[in-house]
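First to last, the protein sequences are chains L, U, G and R.
Going by UniProt numbering, the first residue of the first sequence is number 1, and it counts up by one from there.
Going by UniProt numbering, the first residue of the second sequence is number 1, and it counts up by one from there.
Going by UniProt numbering, the first residue of the third sequence is number 1, and it counts up by one from there.
Going by UniProt numbering, the first residue of the fourth sequence is number 1, and it counts up by one from there.
For glycine and all other residues, C-beta sits at the position ideal for the given N, C-alpha and C.
Just so it is clear, the structure is predicted and the values come from calculations on it, not from any experiment.
Below: the structure, in structure tokens.
Protein chains: 4
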Amino acid sequence: MSDMMDTLRNEENMTPKQIEILKSAIELISEKGYYNTSTSEIAKRAGVAEGTIFRHYSTKKDLLVAIVTPVITNISAPLFATKFVDQVFHEDYNSFADLLHAFINNRFEFAQANVPLIKILLQELAFHPEIQMAYKRVFTEKVYPAFNQALDFYKQKGDLQNLPNDTIIRIVVPTILGFMMTRFILQPDKEWDDEAEIRQMIGVIMGGIGAGS
Amino acid sequence: MSDMMDTLRNEENMTPKQIEILKSAIELISEKGYYNTSTSEIAKRAGVAEGTIFRHYSTKKDLLVAIVTPVITNISAPLFATKFVDQVFHEDYNSFADLLHAFINNRFEFAQANVPLIKILLQELAFHPEIQMAYKRVFTEKVYPAFNQALDFYKQKGDLQNLPNDTIIRIVVPTILGFMMTRFILQPDKEWDDEAEIRQMIGVIMGGIGAGS
Amino acid sequence: MSDMMDTLRNEENMTPKQIEILKSAIELISEKGYYNTSTSEIAKRAGVAEGTIFRHYSTKKDLLVAIVTPVITNISAPLFATKFVDQVFHEDYNSFADLLHAFINNRFEFAQANVPLIKILLQELAFHPEIQMAYKRVFTEKVYPAFNQALDFYKQKGDLQNLPNDTIIRIVVPTILGFMMTRFILQPDKEWDDEAEIRQMIGVIMGGIGAGS
Amino acid sequence: MSDMMDTLRNEENMTPKQIEILKSAIELISEKGYYNTSTSEIAKRAGVAEGTIFRHYSTKKDLLVAIVTPVITNISAPLFATKFVDQVFHEDYNSFADLLHAFINNRFEFAQANVPLIKILLQELAFHPEIQMAYKRVFTEKVYPAFNQALDFYKQKGDLQNLPNDTIIRIVVPTILGFMMTRFILQPDKEWDDEAEIRQMIGVIMGGIGAGS
DNA sequence: TATGAATGAGCTTTCATTCAT
DNA sequence: GATGAATGAAAGCTCATTCAT
């Protein structure tokens with residue numbers, strides 16, 4: 001749980017009660033959904049009075065946004081972290097496959113540490129325009145450009161077929177997402193050989209978009 | 001809309017009011033979600049008294065299930081229709097790529113005609129165990145076996161690499177789903193060259209899993 | 001059941017549907033009470049459309065009154081039947097104890113044949129002014145005078161102590177009612193030696209109010 | 001009313017609103033019955049929002065049970081209070097008639113102070129299994145054994161005829177109940193000479209079951 | 001800052017009653 | 001007469017939010 005709280009915690013300090021509220025809200029909402037979770041339930045599990053929730057989050061939806069927004073930011077963080085971009089362009093990765101491997105491993109660990117948060121994000125994205133906004137902004141301003149840059153770079157390098165970037169993205173992203181959803185949400189209890197799965201997936205992806213094919 | 005009602009209508013007749021109720025429920029729920037749509041709203045839009053809804057669907061959730069269950073069945077219908085299986089095994093399709101093409105085209109048209117229904121299915125799947133049950137049953141009993149059969153067949157024929165079926169499915173299905181979601185839900189207003197998109201997608205998929213690579 | 005319908009049937013003929021409605025209403029209301037029984041349930045059990053009930057009884061309460069009013073009349077019928085009064089005054093019964101015995105036996109059989117109807121009467125008496133009216137009228141106009149007449153007669157004859165009639169009634173009536181309620185409603189399944197019970201009860205009553213004591 | 005609230009109040013404190021709710025519920029339900037009294041009416045009379053009722057009693061039926069259960073307990077309280085039993089066996093009462101007199105006086109006062117509560121109990125007993133349960137438990141575990149003990153004691157002492165206890169109880173209890181119902185519910189407005197009535201009633205009862213007869 | 005009783009609008013659901021067929 | 005779809009008022013209940021303490 002501490003990892004997950006790292007994802008959420010901003011620079012300012014939170015009171016212990018506020019942390020309890022967030023934890024409880026995350027547990028309950030990820031289990032039962034936003035509309036099936038009442039503030040009184042959250043308060044009870046957090047060991048806090050119902051009014052206390054509204055001292056910290058003036059609205060139930062505010063509480064949801066406070067949970068979900070940092071996830072959106074963090075999910076895509078490495079993609080636009082200066083460090084990452086630098087690594088790519090300073091050829092820390094010899095090939096697109098290497099980059100993909102590093103990227104997937106990194107995001108895999110993040111997902112593993114934040115399953116409940118990601119569940120909430122996926123489930124509620126459809127219903128809350130506020131969240132959709134945040135998501136779209138991050139995607140178009142950060143993720144998409146970073147992706148494009150990287151793809152252009154490795155195309156130039158001869159690692160990739162000359163497909164439109166959009167097409168490549170539409171292959172790569174759902175494949176990764178699909179794997180993660182299956183891995184963590186649909187069949188979390190299956191025995192997975194994660195490393196093998198990832199290698200295989202990359203093999204197939206590169207078979208589809210790599211230059212050699 | 002008439003197409004969509006075909007997806008829902010059973011053999012027996014519905015009263016005009018019942019059809020109106022279904023239509024209104026579909027519109028509203030697909031726009032705003034199940035929990036943000038009240039039965040009084042549905043009644044108002046359907047031009048019907050609120051009690052009339054409960055004469056036909058004894059529960060609000062019953063109404064949802066009546067909307068969503070036929071979609072689950074129809075989404076996967078061609079996969080387990082005798083006709084389809086026959087076609088596959090009587091070599092109506094010379095290659096897995098051909099099969100894929102026919103399949104995607106067919107499902108693309110279905111999706112196009114049923115966007116609101118599919119939106120509802122995707123959005124509510126997470127929260128209603130009844131729906132999850134129906135989905136799981138159809139998937140494990142129908143879709144998955146049909147897929148396996150087809151994959152085995154074309155593997156034997158030498159069309160496909162010798163990857164585990166599960167891995168192939170985990171590549172192919174999310175890729176197709178991802179495309180459709182982008183096409184019909186995330187960016188429905190973008191100008192799409194559907195035929196080209198599909199061809200490209202198949203190219204990449206076959207690059208990843210086809211025998212030639 | 002045929003006996004019970006005798007209690008209800010007036011001179012005019014009823015259609016078979018109407019009889020079915022009455023039967024079903026009696027069963028359901030005596031089991032679950034008036035407010036827990038819906039007209040649609042009654043219709044279903046009667047094998048009749050809901051509207052048909054309202055063709056015969058313009059109101060749900062009308063139906064109840066149609067069930068309960070004849071019971072009130074019949075419960076007390078023997079008390080004011082000319083025949084009964086005649087018997088009393090022509091000394092068909094040698095003693096008040098004899099009269100009591102005949103009376104209790106008679107009412108016992110009536111109760112036995114009409115348990116559901118009596119249950120309904122007892123349960124709903126409290127809530128429906130219409131029923132209370134009917135009950136009060138019958139009691140003050142018929143039962144009470146007949147009782148007084150008989151008591152005066154047997155007092156004069158020296159069978160009874162010189163207690164106020166009201167006091168005697170307040171001993172006799174609740175004792176009989178209490179026995180019947182215990183016998184038919186509270187503990188209907190206990191094995192009863194009815195004849196012995198009745199004899200004992202009369203013994204005690206006469207011990208309390210009879211002249212010998 | 002304060003007396004009545006004593007019957008209901010548990011050791012813990014109630015908020016003033018909760019007291020108002022109870023009072024209003026008792027008034028309305030005893031006048032019109034449970035099913036004819038809506039929670040909104042209760043709220044209005046109590047000067048409280050409807051939601052407030054459900055904060056204190058999670059169900060309308062819970063409210064009813066909260067009203068009725070303490071009555072059941074208190075109605076029979078003296079019968080199984082150690083003090084009462086002691087009194088009986090330490091011959092505080094010289095005869096069964098004395099005991100009866102003390103007992104009736106005591107219960108008469110209780111009834112007088114709790115008419116609405118008792119009305120509710122009598123009226124709703126028929127329809128609510130929860131209440132029936134509570135009633136049966138108290139009767140078989142407390143009232144019945146205490147009665148038996150007392151009857152055996154005074155039989156041995158030669159005060160009572162050798163009738164079966166059950167028969168005695170079936171005479172005594174309905175007679176007392178019948179008197180109280182007539183006195184407080186059926187004809188509360190008649191001018192009563194209570195002391196005389198009670199004396200007379202005891203006379204008759206003892207005439208019926210006493211040893212001298 | 002924290003509490004939790006109180007609020008009241010809004011929800012789903014029930015059901016006696018009506019009426020066109 | 002009989003039907004049963006339709007009605008709509010009213011019910012019990014939920015819950016995010018407020019506010020005096």
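For a cut-off of 8 Å, the C-beta gap from P164/U to P174/L is around 20 Å, too long to register as a contact. Between I131/G and V172/G the beta-carbon gap is near 24 Å, outside 8 Å, which marks them as no contact.
G47/G carries a coil assignment under DSSP once its states are collapsed to helix, strand and coil. Excluding sequence positions up to five before and after S24/U, its CB lies within less than 7 Å of the CB of I42, R45, A46, all in the same chain and listed in chain order. Here I185/R is not near F108/R, since their CB atoms are 9 Å or more apart. Going by beta carbons, T52/U and K17/U fall inside the 9 Å limit. For the stretch 164-176 of chain U, the beta-carbon criterion of a distance under 9 Å to any beta-carbon of chain L is satisfied by P164, T167, I168, R170, I171, V173, P174, T175, I176.
G210/L is bridged by DSSP to L160/L. Around the beta-carbon of T59/U, fewer than 16 other beta-carbon atoms lie within 10 Å, marking it exposed. F127/R sits in coil when the DSSP states are folded into three classes, being neither helix nor strand. Rounded to whole angstroms, the Cβ separation of N74/L and F103/L is 14 Å, and the two are not in contact under 8 Å.
When Cβ-Cβ separations below 9 Å define contact, L121/L makes no contact with chain U.
In terms of beta-carbon proximity, I205/R lines the interface with chain G, with at least one pair separated by less than 9 Å. About 13 Å separates the Cβ atoms of L117/R and V65/R, ruling out a contact at the 8 Å cut-off. At a cut-off of 9 Å, the C-beta of N36/U has a neighbouring C-beta in chain L. In this structure I209/L touches V204/U by the C-beta definition: roughly 6 Å separates them, less than 8 Å. Of the other Cβ atoms in all chains shown, fewer than 16 fall within 10 Å of the Cβ of E195/L; this residue is therefore exposed. Assignment of D189/G by DSSP, reduced to helix, strand and coil, places it in the coil class.
Around the C-beta of T37/U, 16 or more other C-beta atoms lie within 10 Å, and the residue is accordingly described as buried.
Non-local C-beta neighbours of Y57/L in its own chain, meaning closer than 7 Å and more than five positions away in sequence, comprise L63, A66, ordered along the chain.
L121/R and F127/R have their C-alpha atoms some 10 Å from each other. For M133/U, no CB of chain L lies under 9 Å from its own CB, so it is not counted at the interface with that chain. Taking all protein chains in view, the Cβ of M133/G is surrounded by fewer than 16 other Cβ atoms within 10 Å, so the residue is classified as exposed. The Cβ of G158/U sits no closer than 9 Å to any Cβ of chain L. Rounded to whole angstroms, the gap between the alpha carbons of T7/L and I202/U is 38 Å. Between E141/U and Y34/U, the C-beta gap is not smaller than 9 Å, which leaves the two residues out of contact. Residues of chain U whose Cβ lies closer than 7 Å to the Cβ of A126/L are, in chain order, G33, Q123. By the neighbour-count criterion, in which a residue is buried when 16 or more other Cβ atoms sit within 10 angstroms of its Cβ, G158/G is exposed. Counting only Cβ-Cβ distances below 9 Å, I209/G has contacts in chain R at V204, G207, G208, in chain order.
Excluding five sequence positions before and after I169/L, the CB atoms of its chain that fall closer than 7 Å to its own CB belong to F147, given in chain order. DSSP places T69/G inside the alpha helix (DSSP H), whose first and last residues are 60-75. In this model, F96/U and S30/U are separated by some 35 Å (Cα to Cα). Look at G178/R here: in three-state DSSP terms it is helix. In terms of beta-carbon proximity, M201/L lines the interface with chain U, with at least one pair separated by less than 9 Å.
Within chain U, the residues R170, P174 have their CB atoms less than 8 Å from the CB of F179/L, given in chain order. M181/G and P129/G have their C-alpha atoms spaced approximately 23 Å apart.
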